[in-house]
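Trainee: Quick one: the structure is below, questions incoming.
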Amino acid sequence: MRPAPASSARRLRLGWVEDVRFALVAMRAQKLRSFLTLLGVMAGVATVIMMVSFVVGFNDSVTNAFTSFGTTLVQFQKYEARFGGGGPPPEAERKRPDLLLADAQALKRLATLAAAVSPERYYGRNPEVRAGRNEANAPTVVGATPDYAPANNQLIQDGRFLSAADVEHAAHVAVIATDVADALYPNRDPIGQSLTVNGRGFRVIGLFEKKGSFLGGSTNNFVVIPISAFDDEFPQVKNGGRDTIHIATIPARPQDFDALVEQETAILRVRRKLRPDQPNDFAIFTSTGQLESFRQITGGIAGVMIVIAGIALLVGGVGVMNIMLVNVTQRTREIGLRKALGGTRRDIAVQFLAEAVTLTGVGGAMGVACGLGAALLARLLFHFSAAAPLWSVVLGLGVATSVGLVFGLWPALKAARQDPIEALRYE
Numbered sequence: 001m002r003p004a005p006a007s008s009a010r011r012l013r014l015g016w017v018e019d020v021r022f023a024l025v026a027m028r029a030q031k032l033r034s035f036l037t038l039l040g041v042m043a044g045v046a047t048v049i050m051m052v053s054f055v056v057g058f059n060d061s062v063t064n065a066f067t068s069f070g071t072t073l074v075q076f077q078k079y080e081a082r083f084g085g086g087g088p089p090p091e092a093e094r095k096r097p098d099l100l101l102a103d104a105q106a107l108k109r110l111a112t113l114a115a116a117v118s119p120e121r122y123y124g125r126n127p128e129v130r131a132g133r134n135e136a137n138a139p140t141v142v143g144a145t146p147d148y149a150p151a152n153n154q155l156i157q158d159g160r161f162l163s164a165a166d167v168e169h170a171a172h173v174a175v176i177a178t179d180v181a182d183a184l185y186p187n188r189d190p191i192g193q194s195l196t197v198n199g200r201g202f203r204v205i206g207l208f209e210k211k212g213s214f215l216g217g218s219t220n221n222f223v224v225i226p227i228s229a230f231d232d233e234f235p236q237v238k239n240g241g242r243d244t245i246h247i248a249t250i251p252a253r254p255q256d257f258d259a260l261v262e263q264e265t266a267i268l269r270v271r272r273k274l275r276p277d278q279p280n281d282f283a284i285f286t287s288t289g290q291l292e293s294f295r296q297i298t299g300g301i302a303g304v305m306i307v308i309a310g311i312a313l314l315v316g317g318v319g320v321m322n323i324m325l326v327n328v329t330q331r332t333r334e335i336g337l338r339k340a341l342g343g344t345r346r347d348i349a350v351q352f353l354a355e356a357v358t359l360t361g362v363g364g365a366m367g368v369a370c371g372l373g374a375a376l377l378a379r380l381l382f383h384f385s386a387a388a389p390l391w392s393v394v395l396g397l398g399v400a401t402s403v404g405l406v407f408g409l410w411p412a413l414k415a416a417r418q419d420p421i422e423a424l425r426y427e
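Counting in our numbering, the sequence shown runs without a single skipped number right up to 427 at its last residue.
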């Protein structure tokens, strides 16, 4: 009489449970050898978890940073962007003509799809910004117009922003970010207070809302003054032949983003007398383009990490196969005895395959724990938003068990094919 399907399923479950229990007993009996075998699998899985955690955290940080400055930002400047600074620009870019205030004024006048056009100059060479005895931590000083705030998605928390009259009269007024306010006016309202920039006095008229950090660095350490006052105080920036002006713009409607880029590019090309067959002699940056560039970088890093993880898993798999082959040799008499008592080839194969999968499963669990621990450590020590999604944990454990199945298959088949009589005679 054939057993009921439920009874067969129960026996199968009990068989797997027993095989796993025997595998754990064997691992405890040979702790050092088992641990050394697990190192490759553990390192590979830990690398996968850490790679996913750091890439996800990096992408989230970059996305939040670019989103905070507006997803429709279009910026024109003289030099192309270089990751991490990238050293001095090439000769061809240094020969480009500077972008001028007149270019920004032309865009303001002719770009019908633009909601704001913001000409900006930057002084980032450690200016001395002080209020009494207090000094800010080398903030960037920006020369701007009233369009700066909407173009860069900057909101005012207190006070007001620059007005057209401030620019027209080169007023010595400043709008500061929260890091500057905390450094200069601890526990005080900064509005109406005085500060000096390289010894020149300014009155604080506004405070920007605080924004999040970017890769652990602050985005709230800057001072904005009228661009006319900036040119008076820092004439070397305007006349120094460097990248003296950036032009930030945003469309009136998000759906006009691509059309705005084309329209403004055409206006600048006409002003700079470029022929149709000549390339642009200015750089164009967009938030979406920069975000895609960063994601390509993280994708390349992830690819390298996957290769490293694959090598570690391959080494771990070879180690598992070796230890299982040794186990088959050492337990030849046990295999013969089990076959003599009615064990089938399938029973023997499943037993050794279960041991291999258990071995790599334990290594995978240890690797997941190491990877999650590294991600948690990064969050606590460096305030980096590393995050391991659930699918990465499942992937790590799945890869580990797959290594056990693949590299444990040959030892399991070798054990199953043992001749019971020869196995019982083995010494």
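Backbone N, C-alpha and C define an ideal beta-carbon position, used for all residues, glycine too.
(1) Alpha carbon to alpha carbon, how far is A114 from S194?
(2) Which residue's Cα is closest to the Cα of G398: I250, G364, G371?
(3) According to DSSP, simplified to helix, strand and coil, what is E209?
(4) In three-state terms, what does DSSP make of E292?
(5) Let me know the secondary structure DSSP gives N134 once reduced to three states.
(6) Go ahead and label I360 buried or exposed: buried means 16 or more other beta carbons lie within 10 angstroms of its beta carbon, across all protein chains shown.
(7) When the distance is taken between beta carbons, is L260 closer than 8 Å to V117?
(8) Count the other C-beta atoms from every protein chain shown that fall within 10 angstroms of the C-beta of F407, then say buried if there are 16 or more, exposed otherwise.
(9) Note down, in chain order, each residue of its chain lying with its Cβ closer than 7 Å to the Cβ of A177, except the 5 sequence neighbours on either side.
(10) Exposed or buried, which one is G336 when buried takes at least 16 other CB atoms within 10 Å?
(11) Determine the burial state of N126: buried for a count of at least 16 other Cβ atoms within 10 Å of its Cβ, exposed for fewer.
(12) On a CA-only basis, which of T329, A144, N59 is nearest D231? Give me that one, please.
(13) Output the residue ranges of the alpha helix (DSSP H) runs that lie fully inside the stretch 157-185 and measure 4 residues or longer, sorted by chain position.
(14) Pick from F35, V41, E262, P139: whose alpha carbon is nearest that of I311?
(15) Express the C-alpha separation of V326 and F382 in angstroms, rounding to a whole number.
(16) Pick from A415, I49, A388, L36: whose alpha carbon is nearest that of I306?
(17) Pick out whichever of V315, P186, V224, K210 has its Cα sitting closest to the Cα of F202.
(18) Starting from T286, trace the alpha helix (DSSP H) in both directions and tell me its first and last residue.
(19) Look at the alpha carbon of P411 and the alpha carbon of G300, and state the distance between them as a whole number of angstroms.
(20) Is the beta carbon of V55 closer than 8 Å to that of A369?
(21) Apart from the five residues just before and just after Q263, which ones in its own chain have a Cβ nearer than 7 Å to its Cβ?
(22) Indicate the three-state DSSP secondary structure (helix, strand or coil) for E120 in the structure shown.
(23) Express the C-alpha separation of A136 and E91 in angstroms, rounding to a whole number.
(24) What is the residue span of the beta strand (DSSP E) that T249 lies within?
(25) Using 10 angstroms around the beta-carbon of A505, count the other beta-carbons present and answer buried if the total reaches 16, otherwise exposed.
(26) In three-state terms, what does DSSP make of L195?
(27) Of the choices S392, V52, Y122, H172, whose alpha-carbon is the least far from that of G206?
(28) Here's the rule: buried if 16 or more other CB atoms are within 10 angstroms of the residue's CB, otherwise exposed. What is G44?
(29) Please check the pair A387 and S53, which I expect to be a contact at CB under 8 Å, by giving their CB distance rounded to whole angstroms.
(30) Would you decide whether V165 is buried or exposed? Buried here means 16 or more other CB atoms lie within 10 Å of its CB.
(31) With DSSP run on the structure shown, which of helix, strand or coil describes Q75?
(32) Taking all protein chains shown into account, decide if A266 is buried (16 or more other Cβ within 10 angstroms of its Cβ) or exposed.
(33) So what's R200 in DSSP terms, helix, strand or just coil?
(34) From N239 to L100, what distance separates their C-alpha atoms?
(35) Please work out which residues of its chain come closer than 6 Å, Cβ to Cβ, to L174, disregarding the five sequence neighbours upstream and downstream, and give them in chain order.
Mentor: On the basis of the data shown:
(1) The count along the sequence shown starts at 1 and reaches residue 114 at position 114. The count along the sequence shown starts at 1 and reaches residue 194 at position 194. Looking at the two C-alpha atoms, the distance is approximately 35 Å.
(2) Looking up residue 398 in the sequence shown gives position 398. Distances from the CA of G398 to each of I250, G364, G371 were compared; the closest alpha carbon is that of G364.
(3) Taking the first residue of the sequence shown as position 1, residue 209 is located at position 209. Residue state, collapsed to three classes: coil.
(4) Taking the sequence shown and counting its residues from 1, the one referred to as residue 292 is at position 292. E292: helix per DSSP, three-state reduction.
(5) In the sequence shown, the residue the question calls residue 134 occupies position 134. Here N134 carries a strand assignment [DSSP, helix/strand/coil].
(6) Working through the sequence shown from its first residue, we reach residue 360 at position 360. Inspection of the sequence shows that residue 360 is occupied by Thr rather than by Ile. Residue environment: T360 is assigned as buried (16 or more neighbouring CB atoms within 10 Å of its CB, all protein chains considered).
(7) The sequence position of residue 117 within the sequence shown is 117, counting from 1. The sequence position of residue 260 within the sequence shown is 260, counting from 1. No; because the gap between Cβ atoms is not below 8 Å, this pair is not in contact.
(8) Here the question's residue 407 lines up with position 407 in the sequence shown. Buried, because 16 or more other Cβ atoms sit within 10 Å of the Cβ of F407.
(9) Counting from one through the sequence shown, the residue named residue 177 turns up at place 177. By the criterion of a C-beta distance shorter than 7 Å, A177 is surrounded in its chain by F208, N220, N221, F222, once the five residues flanking it on both sides are discounted.
(10) Numbered from 1 along the sequence shown, position 336 holds the residue referred to as residue 336. Classification for G336: buried.
(11) Taking the first residue of the sequence shown as position 1, residue 126 is located at position 126. An exposed status is given to N126, since fewer than 16 other beta-carbon atoms sit within 10 Å of its beta-carbon.
(12) What you label residue 231 is simply residue 231 of the sequence shown in a count that begins at 1. When only C-alpha atoms are compared, the closest one is A144.
(13) Taking only runs of at least 4 residues, the alpha helix (DSSP H) segments lying wholly in the stretch 157-185 are 164-168, 178-184.
(14) Along the sequence shown, read from residue 1 onward, the residue named residue 311 stands at position 311. With distances taken between Cα atoms, I311 lies closest to V41.
(15) For the purposes of this step, residue 382 is taken as residue 382 along the sequence shown, with counting starting at 1. For the purposes of this step, residue 326 is taken as residue 326 along the sequence shown, with counting starting at 1. Computed Cα separation, rounded: 45 Å.
(16) If you number the sequence shown from 1, residue 306 lands on position 306. Residue I49 is the option with its Cα nearest to I306.
(17) Residue 202 sits at position 202 when you count from the first residue of the sequence shown. Closest by alpha carbon: V224.
(18) Locating residue 286 in the sequence shown gives position 286, counting from the first residue. If you look at T286, you'll find it isn't in any alpha helix (DSSP H); it sits in the beta strand (DSSP E) that goes 283-286.
(19) Counted from its first residue, the sequence shown places residue 411 at position 411. Counted from its first residue, the sequence shown places residue 300 at position 300. When the Cα atoms are used, P411 and G300 turn out to be separated by approximately 37 Å.
(20) Within the sequence shown, the letter at position 369 stands for residue 369. Within the sequence shown, the letter at position 55 stands for residue 55. No.
(21) On the sequence shown, position 263 is the one that residue 263 refers to. Within its own chain, the residues whose Cβ lies closer than 7 Å to the Cβ of Q263, once the five positions on either side in sequence are excluded, are A111, L113, listed in chain order.
(22) Indexing the sequence shown from 1 puts residue 120 at position 120. Strand.
(23) Against the sequence shown, residue 91 aligns to sequence position 91. Against the sequence shown, residue 136 aligns to sequence position 136. C-alpha separation (whole angstroms): 36 Å.
(24) By 1-based counting over the sequence shown, the position of residue 249 is 249. Counting along the chain, the beta strand (DSSP E) containing T249 begins and ends at 246-251.
(25) Beyond the ends of the chain as shown, which are 1 and 427, falls residue 505; an answer cannot be given.
(26) As a first step, residue 195 must be located in the sequence shown, where it is residue number 195. Per DSSP, reduced to three states, the secondary structure at L195 is strand.
(27) Indexing the sequence shown from 1 puts residue 206 at position 206. The alpha carbon of G206 has as its nearest neighbour, out of S392, V52, Y122, H172, the alpha carbon of H172.
(28) Reading the sequence shown from its first residue, position 44 is the one you call residue 44. Answer is buried; the Cβ neighbour count reaches 16.
(29) The residue labelled residue 387 in the question sits at position 387 within the sequence shown. The residue labelled residue 53 in the question sits at position 53 within the sequence shown. Correct: roughly 6 Å between the Cβ atoms.
(30) One-based indexing of the sequence shown puts residue 165 at position 165. First, the amino acid is wrong: residue 165 is Ala here, not Val. Answer is exposed; the Cβ neighbour count stays below 16.
(31) Position 75 of the sequence shown, counted from the start, is the residue given in the question as residue 75. Shown here, Q75 sits in a strand according to DSSP, grouped into three states.
(32) Position 266 of the sequence shown, counted from the first residue, corresponds to residue 266. With fewer than 16 Cβ atoms within 10 Å of its Cβ, A266 is classed as exposed.
(33) Here residue 200 corresponds to residue number 200 of the sequence shown, with the count starting at 1. It is a strand residue.
(34) The residue given as residue 239 occupies position 239 in the sequence shown. The residue given as residue 100 occupies position 100 in the sequence shown. The alpha-carbon atoms of N239 and L100 are separated by roughly 11 Å.
(35) On the sequence shown, residue 174 is found 174 positions in, with the first residue counted as 1. The question names Leu, but residue 174 in the sequence shown is Ala. F202, V204, V223, I225, listed in sequence order.
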